[in-house]
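Residue numbers (the numbering used here): 17 to 664.
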Amino acid sequence: MKIWKIISLLVALVIVFPLVFLGVFGVDINSHRTEVADALSKNLGREVKLDGQLKFGLSLTDGFNLSIGDASIANPAWASRPLLAKAGKLELSVGIMPLLKRQLSVNAFTLSDADIKLESNAQGVSNLEMAGAGAQAKIDAPKENAQPAAAASASPISIHVSRLNIDNSRLIIRSKDGKLSEYAIKSMALKSKAVGIELDFKGEISGAPVTVSLSGDDLSGILNSLWKFKAEVLYGNYNLTAEGVLNNASSEVDISSYQLKSGKTVVSGNMDVKYGSRPSIKGKVESDHLDIADLKPKEEAAAKADKAAPAAKSSKRAFSDDPIDLSGMKAVDADINVLIKEMIVGSMPVQKLSTRIVLTGGQLLVSPLSMMVADKEVKGQAKVDASGAKPQISLIANAHQLDLSQFIKTWGIESFIKGKADFDLDISAVGNSQHELASNSNGQINLIMASGEVNPGILRGLAGGVLDAIIPGAGVLTQSSLNCLVARFKIVNGALKTNGVLLDTSAATVSAYGGVSLGSEIINMRVLTNSKGVGVASLIPSVAIGGSLMEPSFTPEAGAVAKKLAGSLIEGEIGSILGGGLLDSGDGVPEVVSVAGQNACMYTLDHPTAAKSKPAAQTPTGKTGIVNDIAGKAGGLMKGLGGGLFGK
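In structure tokens, the structure reads:
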């Protein structure tokens with residue numbers, strides 16, 4: 017662990033002094049700062065500067081006593097900055113006699129105004145690794161086939177710290193892949209008590225304020241035996257309390273209980289964490305109320321991060337090309353049981369969520385997954401396989417008799433449809449980004465509904481004026497009963513296609529054809545309407561939906577509007593003279609066939625021979641001129657209207 021490397025370095029600094037100055041002990045060492053710095057530089061293989069006051073003492077009763085002001089240690093040549101560490105003040109007092117018994121007894125340690133940066137090069141060599149001048153080149157450019165030195169067999173060392181204080185300091189850790197973790201220490205105090213230690217910490221982690229209160233057994237057992245602890249951490253808007261046992265011999269932390277609070281969210285449980293060669297986590301997560309929004313960082317921390325980050329490129333794509341890094345899934349294993357009574361995702365509440373999360377060798381399985389949405393159970397499972405070059409993701413979900421009105425309202429949207437529906441989804445994808453996953457997705461999505469109600473007024477409001485753009489006055493449509501609804505889609509290699517879409521209400525029958533290329537995000541669909549009566553509803557034409565997912569376009573087919581308008585005028589005003597039923601623009605819309613005990617829309621789609629499209633009505637002989645004249649006038653009206661609405 018890096019902390020023990022730092023302690024070892026400090027001890028090494030202390031031991032060097034008596035070796036160098038044993039023969040001249042008693043003189044004013046501060047006047048020999050240059051010689052001391054040179055001796056340390058030679059022994060460490062790094063340049064050491066001692067620009068402040070230097071004091072050193074040695075006695076059997078007080079031990080080693082070292083005080084250094086304004087000191088610094090250089091970095092190896094490959095490091096990102098010249099100095100590994102610098103400190104305004106460092107004081108250290110270590111007992112002598114305990115060292116003979118392999119006990120590190122730190123009577124006092126004080127560090128102020130320090131700036132330390134720990135990092136590793138591409139070969140994994142840490143800048144803490146030091147050696148004499150002759151061996152420095154080996155550290156700076158290690159051989160690829162170099163073998164690690166065998167660990168010397170020795171009895172374990174014990175540690176006792178009476179007092180430790182650090183203030184106004186900073187620690188930066190940079191991994192070999194360049195990721196930075198920054199810790200600002202405003203104040204840190206560790207005190208030895210009669211039955212253990214207490215530690216208080218105030219500072220920041222990556223800009224977010226942190227406060228830590230820790231109590232535990234004496235540090236003498238932290239390396240060699242079970243070490244009990246209790247901790248409370250305040251980090252940004254998070255409050256975490258935990259207690260457990262550290263077993264360094266088996267590289268394991270047994271957290272017998274923990275509780276995380278943020279806003280109204282409270283999460284609790286237990287965890288068994290192994291931090292050896294392959295870390296693993298096993299435990300339980302429980303919550304009576306969990307709001308995803310509560311788990312997001314505070315706005316000020318997020319704003320600071322956004323300010324530091326480069327401005328994101330604007331994009332009108334729904335699926336980002338930014339790479340998804342799931343490599344961390346290969347580095348840890350997990351087995352966690354989750355039970356959440358209520359979870360808020362956006363504006364959607366989910367009740368009684370239960371699942372098991374298992375991560376092994378980069379393969380994640382969330383199964384069985386069960387939750388209550390709109391008072392109905394939704395079951396499913398999710399898989400993510402990140403063990404290969406490209407992640408593979410699959411998702412299965414299904415619900416029976418889900419209340420669509422309640423489900424839509426959970427998203428904060430006024431429901432335009434009432435009724436219960438069966439829903440199932442089965443999708444798989446492969447890729448390293450959202451765009452690549454969408455482009456390589458396969459599966460199906462099905463929604464089946466037997467009966468209900470549709471409120472066109474609400475639908476019009478949600479459509480952002482699309483219906484008004486298609487035909488003025490559509491907003492006055494009256495509520496109609498829904499006889500059946502089937503929406504089936506297939507996804508094949510990133511192409512989402514309709515596999516039967518049919519809606520039948522008391523006012524009209526609607527079908528849809530076409531699909532969406534999820535890779536290019538281009539839409540190519542037609543929505544066809546066959547009205548069942550006279551009035552504004554009968555004027556709604558077929559609509560071509562194009563454009564992209566982020567900028568869709570809705571274009572009415574003007575010819576169909578003209579025919580519908582002409583037909584409406586004829587049937588409504590002179591239909592009785594001409595016989596009525598002259599025009600029908602329901603081409604491509606099947607006539608729904610009702611069969612006892614079956615969903616009419618489903619039966620119609622599955623039995624196309626029984627549900628033939630209504631044939632186009634023939635204009636009676638002798639009436640053609642009148643119809644064409646009305647249609648022509650209506651066409652002229654729609655042409656002008658279209659020019660104003662759609663720029664045509």
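We treat Cβ as the ideally placed atom computed from N, Cα and C, and that holds for glycine.
Sequence-distant residues of the same chain with beta carbon closer than 7 Å to residue i, five excluded per side
| i | result |
| --- | --- |
| Ser57 | Glu63 and Val64 |
| Ile112 | Leu76, Gly79 and Phe80 |
| Ala167 | In this prediction, Ala167 has a pLDDT of 44, which is less than 50 and means its spatial position is unreliable; what the coordinates show is noted afterwards. Taken in chain order, the list of residues that qualify is empty. |
| Ser296 | Lys290, Val348, Asp349 and Ala350 |
| Gln614 | none |
| Ala466 | Cys500 and Asn615 |
| Gly292 | Ser267 |
| Lys406 | Val446, Gly447 and Asn448 |
Per-residue burial, residue i [other beta carbons within 10 Å of its own, 16 or more giving buried]
| i | result |
| --- | --- |
| Glu567 | exposed |
| Leu684 | Only positions 17 to 664 of the chain appear in this structure, which leaves residue 684 out of reach. |
| Lys332 | exposed |
| Asp338 | exposed |
| Ala490 | In this predicted model, Ala490 has a pLDDT of only 47, less than 50, meaning its place in the structure is not dependable; the value taken from the coordinates is given anyway. It is buried - the Cβ of Ala490 has at least 16 other Cβ atoms within 10 Å. |
| Val470 | buried |
| Ser370 | exposed |
| Lys133 | buried |
| Pro718 | This structure does not reach residue 718, given that the chain is present from 17 up to 664, and the question cannot be answered. |
| Asp419 | buried |
DSSP-derived helix/strand/coil call for residue i
| i | result |
| --- | --- |
| Asn509 | coil |
| Glu259 | strand |
| Tyr251 | strand |
| Ile561 | strand |
| Gly362 | coil |
| Leu534 | coil |
| Lys346 | helix |
| Ser139 | Reading the sequence as shown, one finds Gln at residue 139 and not Ser. It is coil, neither helix nor strand. |
| Asp216 | strand |
| Phe432 | coil |
| Phe423 | helix |
| Asn546 | strand |
| Asp193 | coil |
| Asn46 | helix |
| Asp440 | strand |
| Ala402 | coil |
| Asp310 | helix |
| Asn264 | helix |
| Lys209 | strand |
| Val605 | coil |
| Lys368 | strand |
Range covered by the alpha helix (DSSP H) that runs through residue i
| i | result |
| --- | --- |
| Val269 | Careful: Val269 lies outside any alpha helix (DSSP H), inside the beta strand (DSSP E) at Glu268 to Ser278. |
| Ser236 | Segment: none, Ser236 is in no alpha helix (DSSP H) and carries neither H nor E. |
| Lys58 | Arg49 to Leu60 |
| Met113 | Met113 to Leu116 |
| Gln408 | Unbroken run through Gln408 is the beta strand (DSSP E), Gln408 to Asp419; no alpha helix (DSSP H). |
| Glu452 | Gln450 to Ser455 |
Span of the beta strand (DSSP E), counted from its first residue to its last, around residue i
| i | result |
| --- | --- |
| Leu187 | Arg179 to Arg190 |
| Asp304 | Ser296 to Asp307 |
| Ile622 | The sequence shown places Asp at residue 622, rather than the Ile named in the question. Counting along the chain, Asp622 falls outside any beta strand (DSSP E), though it belongs to the alpha helix (DSSP H) covering Ala616 to Asp622. |
| Ala626 | Run containing Ala626: none; DSSP gives neither H nor E here. |
| Asn286 | Thr281 to Lys290 |
| Ser569 | Pro568 to Pro572 |
| Ser383 | Gln379 to Val389 |
| Lys65 | Val64 to Leu66 |
| Phe72 | Leu70 to Ser75 |
Chain-order list of residues whose beta-carbon lies under 6 Å from that of residue i (same chain, five-residue window excluded)
| i | result |
| --- | --- |
| Lys708 | Absent from the model: residue 708. The displayed extent of the chain is 17 to 664, so no value can be given. |
| Gly562 | Ile539 and Ser569 |
| Glu302 | Ser284, Gly285 and Leu355 |
| Gln100 | The sequence given here places Leu at residue 100; Gln does not occur at that position. Within the same chain, Leu100 has close Cβ partners Ile89, Asn91 and Asn143. |
| Lys246 | Ser231 and Glu259 |
| Tyr274 | Ala258 |
| Asn353 | Lys300 and Arg372 |
| Ile308 | Val361 |
| Asn462 | Asp440 and Arg504 |
| Leu519 | Leu501 and Val526 |
| Gly73 | Asn81 |
Sheet register partners of residue i (DSSP bridge)
| i | result |
| --- | --- |
| Ala90 | Leu99 |
| Asp341 | Asp341 pairs with nothing; no bridge assigned. |
| Gly85 | Lys105 |
| Lys395 | Ser386 and Asn414 |
| Leu242 | Asn263 |
Own chain, CB closer than 8 Å to residue i, minus 5 neighbours either side, in chain order
| i | result |
| --- | --- |
| Gln417 | Lys392, Lys436, Ala437 and Asp438 |
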